[in-house]
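Enquirer: Quick one: the structure is below, and I'll ask about it shortly.
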Amino acid sequence: MYNRDKSILYYSSTQQKDFIINLNIAHFTFNKHLTNGTYYLGKYLFTREPILTAKVKDISLLDLALMLEKDRKKYNKNKPLNSLSKSVLLVDINNNKTEIFFSIGKCIEYLRNKGLPANHTSLVKYINLGQVYHGYICKFV
């Protein structure tokens, strides 16, 4: 995944599923831009061939996912956004481990898999109040 002029490499993988899962890019959207050579969010280009002159951007996968999420909000500003489609950032207060979820539902599923009694109403309430929720600092991204 490069910038428009192919001078910066943000992310690379030999597997499409890495883009789809790690960066929350829809399968259809990824394939459309890869096949047509068009720009994702008007800024990013996917290619099958490496550009050897591109400079590799030293950015964590989490920071890249957050950057794309911000670009999606800007690029898709006319698209309706409800609380279920908002991304949630969780920070474990015990070990400072950070997780990003691209919907409240995925965040709740993660918390429930950890054995916590999570639900949509409570999670949104704690996010809005800025309070710790079952040992996690939660924020909308």
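In this note's numbering, the protein residues as written are 18 to 158.
For glycine and all other residues, C-beta sits at the position ideal for the given N, C-alpha and C.
These figures come from a predicted structure and were not determined experimentally.
1) Can you tell me whether I42 is buried or exposed? The criterion is at least 16 other CB atoms within 10 Å of its CB, across all chains shown.
2) Enumerate in chain order the residues of its own chain whose CB-to-CB distance from S30 is below 7 Å, with the five nearest sequence positions on each side excluded.
3) Leaving out the 5 sequence neighbours to the left and right, which residues in its chain are closer than 8 Å to I125 when beta-carbon positions are compared?
4) What residue from M18, N111, I154 and V149 has the CA that sits closest to L40's CA?
5) Taking L106 as the reference, which of G54, I25 and K156 has the closest Cα?
6) Tell me whether K72 sits in a helix, a strand or coil according to DSSP, three-state version.
7) For E86, name the three-state secondary structure that DSSP assigns.
Expert: Concretely, from the data shown:
1) Answer is buried; the Cβ neighbour count reaches 16.
2) The answer, listed in chain order, is F36.
3) Apart from the 5 residues on each side of it in sequence, I125 sits with its Cβ closer than 8 Å to the Cβ of A135, N136, H137 and L140 in its chain, given in chain order.
4) Out of M18, N111, I154 and V149, M18 has the C-alpha closest to the C-alpha of L40.
5) Comparing alpha carbon positions, the residue from G54, I25 and K156 closest to L106 is K156.
6) K72 sits in a strand when the DSSP states are folded into three classes.
7) Assignment of E86 by DSSP, reduced to helix, strand and coil, places it in the helix class.
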